[in-house]
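Enquirer: Chains as they are written, first to last, in the working numbering: chain P, 84 to 757; chain Z, 726 to 1032. Yeah, the Cβ is synthetic: ideal placement off N, Cα and C, and Gly gets one too.
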Amino acid sequence: MPELLLELFSEEIPARFQRRAADDLKKAVTNALVDAGLVYEGAKAFVTPRRLALTVTGLPGRSPDTREEKKGPKVGAPQPAIDGFLRSAGLSSIDQAKVESDPKKGDFYVAHINKPGAEAVDLLSAILPKILTDFPWAKSMRWGSGSFNWVRPLRAITATFGAENEEPVVIPFDSNELASGQTTFGHRFLAPEPIRVRRFDDYAAALERAKVVLDIDRRKDIIQTDAEQLAFAQGLTVIADEGLLEEVAGLVEWPVVMMGSFDPAFLELPEEVIIATIRANQKCFCLRDAGGKLAPNFIITANTEASDGGAVIIAGNERVIRARLSDAAFFYRGDLALPLEHGLPKLEETVFHAKLGTQFARVERLVKLAAEIAPKVGADPERAKRAAMLAKADLTTGMVGEFPELQGLMGRYYAAAQGEPADIATAVEMHYKPLGPTDSVPTEPVSITVALADKLDLLTGFWAIDEKPTGSRDPFALRRAALGVIRIIAENGLRFPLRVEPDLLAFFHDRLKGTLRDAGARHDLVDAVISAESDDILEITQRVGALSQLLSSDDGVNLLAGYRRAANILAAEEKKFNLTYRGAVDQGLLRLPEETDLAFAVDAVHAAVLSHVSANDYKGAMAELATLRAPVDAFFTAVMVNDEDSMVRVNRLNLLSRLRDTMHLVADFSKIAG
Amino acid sequence: MTNRPSHMDPRNSFQGLILTLQNFWAEQGCVILQPYDMQMGAGTFHTATTLRALGPKPWKAAYVQPSRRPKDGRYGENPNRLQHYYQFQVILKPSPANIQELYLQSLAEIGLDAALHDIRFVEDDWESPTLGAWGLGWECWCDGMEVSQFTYFQQVAGFECSPVPGEITYGLERLAMYVQGVENVYDLNFNGREGDDKVTYGDVFLQNEQESSKYNFEVADTEILFRHFADAEQECRAILAKGAEANRQSMAIPAYEQVVKASHNFNMLDARGVISVTERQSYILRIRELAKSCGEAWLQTAGGGAE
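As structure tokens, this is what we get:
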């Protein structure tokens, strides 16, 4: 069956857009094919810095003929309705329509429109230019004298269609004065000559010969394997960095991996500084020796096979890295020469947010907040205040100015270097954490204090000036801050009620619901536990855990059924008489042993649950609730609530109400689905 | 590479590098201009780029532009940073289809042969907030070192560029240091001669860096600078007002020169550390407003394609 080959050959596509672009191309073309009635067997997209390519296999040569039935107006309808129908159905006379009958509608016209299929090549030559025009690049540009937009100038288009063993045809179309054809080019330096291609098989093979590895994942494999082998030969290991690997694979068509080295004297620098320098500026991988220490080497991924075997390329990269590390060492020594506090006055000149004052004002708030939080999380208030004071001081250092991603980390190094206690130095680094769902959470009390202060100040501040996240817009990463607070509290098992305004509390609830669901909790259980006033994250988490455990037991399921029955009866009675049943259960009115048993059981369980809840023992509370299952079941088997004696009836309703209240001590069971 | 005496070889000579680039781009049909006779932060500020980038007329030019970055001064003590350095600027409008190949040929001319070196185009989007300009392109890497900026201008002074100019900017000192294999900018061989005849970059510019750093950071009278900024702003508006005729403008260039002045005064004030973070943004906006007015004015002149 015929196949399609499409290649969009351009100037260098930014690495960060490549994988997405390949996916988008595949999606756009295959969707359009299906819409045009061209079903296909397989499709695969490829991307390199200079080309987007797509192969679609198992296509038909023509789209199938179709027959469409179009219902029209009633026979005898006004002429404008008939005319409109003729126009929309493409008929010249109403005689061409058939008349059908319908018991409701009576006689009406029906047009049968036969649409013959079309040649796939013709369909494609209409589809492809539209896909190019509408391509969803995150950022695109114009060039030359044209008005067409692409990520970088588009230089050639290959579009062929044909079955195996036959000469394919070029799908003819024009885009920005660029006509489709079947000519591509190899590697920019190693094989720049034009290559005539027919279909995917010879295309991929020709590119491979012309020093282009088409598949980004293969390029990644080559880089990783070659890097590991080079490292292994020196007794080293490559520091894994998936983000860098993906980026580097997007910068080369023909990866050639080499190793360079730098002066071991630079190893006096914190290793994070060396790694950041080499990674950010040079896009090279760093290495560790057998003992786990950073090695004075790095891995270069060049895009060419140099005629001298790469000596000049290695020397050039070493030269740049030497200069970069010299700069870093200069900043590091300069920063170390001054106490961290030295940077604080400069924070007065840095605006944190126009409505929230300077960074220094923020530091002052953090210090105050840290003093308040410290006793609640078991931290020494003076240490917490000191850590809060130093937390942002590294923002004015030369190193963080150069590498903003080292904020916090440099503060830790500098704090330790000037003799701050270890917990304070650690807090300076850890107070930013967690930065994402997989990042670690601070665990030392001083770190926890400053981390909570940092995030709560951020949240309450932006809430106060009404800059809340909306939709996908969250420029100040407030969702991340709220999630950070939740994780710090939950993972450290902290009893730390959030005393914040109701709207912000609801924001925390939304994040917490998401976290709990992600952790596998049922939606309805989370809803049953969280009320508008719930401000204790740990308590909510524990309640949800205990509740889900209860409901996974037989007792729990049956108890829930009993609860529903009680709640339904109460609701019906309350509605009927517009009354609530809140009265005490009168022992003297209990007639049957089953109701006496339940009354005693509920009383005992109520007291026990209260004491468990006040001790934050939700498992204990649930276990108590579970003991109600038997008396509840027995009650509903033996007792008819609607007794003729209204005193007895009311007393029984009071008992059920008491049961409901007891269960609501741990969760709102009415919100549980089932 | 053409045959040339060794003192003209870019591998030995800073001026040889400049002259090689000039000759190369002259061969491509560029007019070879001389530097603009005003203090400016980058070659982009030259009217040959900012103003000529706007309007329908084709334009090809190349020139050296001394660039002033007062804040980057290091009193001559840093081997890589200068408050005064040279950019080599090429502008081709509309950008030709083979512009990347031309650029690579120019690198080969100065001794960076793609057979031996690893040359890469790495995404780098360019934006000049003061000029209200942006474009997409790359930084060009040679063996891991950035040797040029390559930009397809999309907008200048707030106006769409159509046709689109391609701009190539070579940082000459850095490029020369790599080609000459020198670690310190002041050690660059300037004239390509040896022995007593050799003149280094330091011989030419070290004293200038020392003196200018002192002036820029410690001495420049900030009151005068603020006044000069305000004067340039006022004069720019006055020139535009006096040059405005029905749909035509007779003084776009003199008005734009006041933008260049205002921008340099701002850079000086910034180096003196008297502009706070919040004020900074408002100064940038003031310059951008002027630049936009001048771009609009240019489009009402013959050079800007007005009928």
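Strictly below 7 Å CB to CB, what residues from chain P border N805(Z)?
Expert: What you label residue 805(Z) is simply residue 80 of the second sequence in a count that begins at 1. Going along chain P in sequence order, the residues near N805(Z) (Cβ under 7 Å) are A406.
Enquirer: Counting only Cβ pairs nearer than 8 Å, list the residues of chain P close to A822(Z).
Expert: Reading the second sequence from its first residue, position 97 is the one you call residue 822(Z). Here the neighbours are G227, P236 and R238.
Enquirer: Kindly indicate if chain Z contains any beta-carbon less than 8 Å away from that of K222(P).
Expert: Locating residue 222(P) in the first sequence gives position 139, where the first residue counts as 1. Yes, contact with chain Z.
Enquirer: Within the 8 Å Cβ cut-off, does V403(P) reach chain Z?
Expert: Indexing the first sequence from 1 puts residue 403(P) at position 320. It does; some Cβ of chain Z falls within 8 Å.
Enquirer: Report yes or no: is there a C-beta of chain Z within less than 8 Å of the C-beta of N232(P)?
Expert: Taking the first sequence and counting its residues from 1, the one referred to as residue 232(P) is at position 149. Taking Cβ atoms only, chain Z never reaches closer than 8 Å to N232(P), which makes this a no.
Enquirer: Going by DSSP, which residues form a beta bridge with K785(Z)?
Expert: Taking the first residue of the second sequence as 1, we reach residue 785(Z) at position 60. Partner(s): L817(Z).
Enquirer: So is T516(P) buried or exposed if we call it buried at 16+ other beta carbons inside 10 Å?
Expert: Position 433 of the first sequence, counted from the first residue, corresponds to residue 516(P). Going by the sequence as given, residue 516(P) is Lys instead of Thr. Classification for K516(P): buried.
Enquirer: May I ask you to verify whether the stretch 671-683 of chain P touches the stretch 721-736 of chain P, counting CB pairs closer than 8 Å and requiring at least 3?
Expert: Contact holds: three or more Cβ-Cβ distances are below 8 Å.
Enquirer: List, in chain order, every chain B residue whose beta-carbon is nearer than 8 Å to that of D391(P).
Expert: No chain B appears in the structure shown, which is made up of the protein chains P and Z.
Enquirer: Can the beta-carbon of A246(P) be found closer than 8 Å to that of P147(P)?
Expert: Translated into positions along the first sequence, residue 246(P) becomes position 163. Translated into positions along the first sequence, residue 147(P) becomes position 64. Cβ distance not < 8 Å, so A246(P) and P147(P) don't count as in contact.
Enquirer: Could you check what DSSP says for Q753(Z) in three-state terms: helix, strand or coil?
Expert: As a working note, residue 753(Z) is residue 28 in the second sequence. Correct three-state label for Q753(Z): coil.
Enquirer: Starting from I824(Z), trace the beta strand (DSSP E) in both directions and tell me its first and last residue.
Expert: Within the second sequence, numbered from 1, the residue matching residue 824(Z) stands at position 99. Where I824(Z) is concerned, there is no enclosing beta strand (DSSP E), although the alpha helix (DSSP H) it sits in stretches over I824 to E834.
Enquirer: Just the chain P side, please: which residues come within less than 8 Å of W1023(Z) by C-beta, in chain order?
Expert: Here residue 1023(Z) refers to the residue found at position 298 of the second sequence. Simply none; closest approach about 20 Å.
Enquirer: Would you please state the rounded distance, in angstroms, between the beta carbons of E336(P) and V295(P)? I believe it to be under 8 Å.
Expert: What you label residue 336(P) is simply residue 253 of the first sequence in a count that begins at 1. What you label residue 295(P) is simply residue 212 of the first sequence in a count that begins at 1. Yes, they are in contact, since the Cβ atoms of E336(P) and V295(P) sit about 5 Å apart, within 8 Å.
Enquirer: Rounded to the nearest angstrom, what separates H270(P) and E488(P) at their Cα positions?
Expert: Indexing the first sequence from 1 puts residue 270(P) at position 187. Indexing the first sequence from 1 puts residue 488(P) at position 405. Distance between the alpha carbons of H270(P) and E488(P) is about 35 Å.
Enquirer: Please classify E616(P) as buried or exposed, where buried requires at least 16 neighbouring CB atoms within 10 angstroms.
Expert: In the first sequence, residue 616(P) corresponds to position 533, counting from 1. Exposed, by the Cβ-count rule.
Enquirer: Helix, strand or coil: how does DSSP classify T663(P) here?
Expert: Against the first sequence, residue 663(P) aligns to sequence position 580. Reduced to three states, the DSSP call for T663(P) is coil.
Enquirer: Quick one: which chain P residues come within Cβ less than 7 Å of Y877(Z)?
Expert: The residue labelled residue 877(Z) in the question sits at position 152 within the second sequence. Ordered by position in chain P, the residues that pass the 7 Å Cβ test against Y877(Z) are M224 and W226.
Enquirer: What residues in its chain sit with their C-beta under 7 Å from that of F739(Z), if we drop five residues either side in the sequence?
Expert: By one-based count along the second sequence, residue 739(Z) stands at place 14. Counting only Cβ-Cβ distances below 7 Å, and skipping sequence neighbours, we find A901, L913, N914, F915 and Y926.
Enquirer: From the beta carbon of P735(Z), is the nearest beta carbon of chain P less than 8 Å away?
Expert: The residue you call residue 735(Z) lines up with position 10 of the second sequence. P735(Z) does not count as touching chain P.
Enquirer: Just the chain Z side, please: which residues come within less than 7 Å of A98(P) by C-beta, in chain order?
Expert: As a position in the first sequence, residue 98(P) is number 15, starting the count at 1. Per Cβ cutoff of 7 Å: E848.
Enquirer: Please report whether the beta-carbon of L861(Z) lies at a distance below 8 Å from any beta-carbon of chain P.
Expert: As a working mapping, residue 861(Z) is identified with position 136 in the second sequence. Answer yes: the Cβ-Cβ gap between L861(Z) and chain P drops below 8 Å somewhere.
Enquirer: Under 8 Å between C-beta atoms, does P888(Z) make it to chain P?
Expert: Within the second sequence, residue 888(Z) is the residue found at index 163, counting from 1. Interface residue, yes.
Enquirer: Measuring CB to CB, does T360(P) end up less than 8 Å from R407(P)?
Expert: Position 277 of the first sequence, counted from the first residue, corresponds to residue 360(P). Position 324 of the first sequence, counted from the first residue, corresponds to residue 407(P). Result yes, Cβ atoms of T360(P) and R407(P) sit closer than 8 Å.
Enquirer: Could you check what DSSP says for C867(Z) in three-state terms: helix, strand or coil?
Expert: As a position in the second sequence, residue 867(Z) is number 142, starting the count at 1. C867(Z): strand per DSSP, three-state reduction.
Enquirer: Leaving out five residues on either side along the sequence, give the residues of the same chain with a beta carbon under 7 Å from the beta carbon of S1018(Z).
Expert: Here residue 1018(Z) refers to the residue found at position 293 of the second sequence. Only L965 meet the Cβ criterion.
Enquirer: I want to see whether chain P comes within less than 8 Å of P819(Z), judged by CB atoms only; does it?
Expert: Residue numbering aside, residue 819(Z) sits at position 94 when the second sequence is read from its first letter. Yes, contact with chain P.
Enquirer: Write down the C-beta distance between A706(P) and R626(P) rounded to the nearest angstrom, noting that I regard them as a contact closer than 8 Å.
Expert: Mapped onto the first sequence, residue 706(P) falls at position 623. Mapped onto the first sequence, residue 626(P) falls at position 543. Wrong, their Cβ atoms sit about 14 Å apart, outside the cutoff.
Enquirer: Measure the Cβ-Cβ separation of C755(Z) and A786(Z) and say whether it is below 8 Å.
Expert: Walking along the second sequence from the start, residue 755(Z) turns up at place 30. Walking along the second sequence from the start, residue 786(Z) turns up at place 61. Yes; because the gap between Cβ atoms is below 8 Å, this pair is in contact.
Enquirer: Using a C-beta to C-beta distance shorter than 8 Å, which residues of chain P count as neighbours of Q825(Z)?
Expert: Locating residue 825(Z) in the second sequence gives position 100, counting from the first residue. Chain P residues near Q825(Z): E94.
Enquirer: Taking all protein chains shown into account, decide if S938(Z) is buried (16 or more other Cβ within 10 angstroms of its Cβ) or exposed.
Expert: Taking the second sequence and counting its residues from 1, the one referred to as residue 938(Z) is at position 213. Classification for S938(Z): buried.
Enquirer: N197(P): which of R665(P), V511(P) and A180(P) sits nearest, CA to CA?
Expert: Locating residue 197(P) in the first sequence gives position 114, counting from the first residue. Closest option to N197(P), Cα to Cα, is A180(P).
Enquirer: Taking 7 Å as the cut-off, does the CB of G1020(Z) come closer than this to any heavy atom belonging to the ligand ATP?
Expert: By its list of ligands, the structure shown contains no ligand whatsoever, and the ligand ATP lies outside what it can speak to.
Enquirer: Do you know whose CA, among G159(P), S184(P) and K154(P), lies nearest R170(P)'s CA?
Expert: Against the first sequence, residue 170(P) aligns to sequence position 87. Taking only the C-alpha atoms, the option nearest R170(P) is K154(P).
Enquirer: What are the boundary residues of the beta strand (DSSP E) that includes Y895(Z)?
Expert: By 1-based counting over the second sequence, the position of residue 895(Z) is 170. G891 to G896 is the span of the beta strand (DSSP E), which, as asked, contains Y895(Z).
Enquirer: What number of angstroms, rounded off, separates the C-alpha of V450(P) from the C-alpha of M513(P)?
Expert: To locate residue 450(P), count along the first sequence from 1; it is residue 367. To locate residue 513(P), count along the first sequence from 1; it is residue 430. C-alpha separation (whole angstroms): 16 Å.
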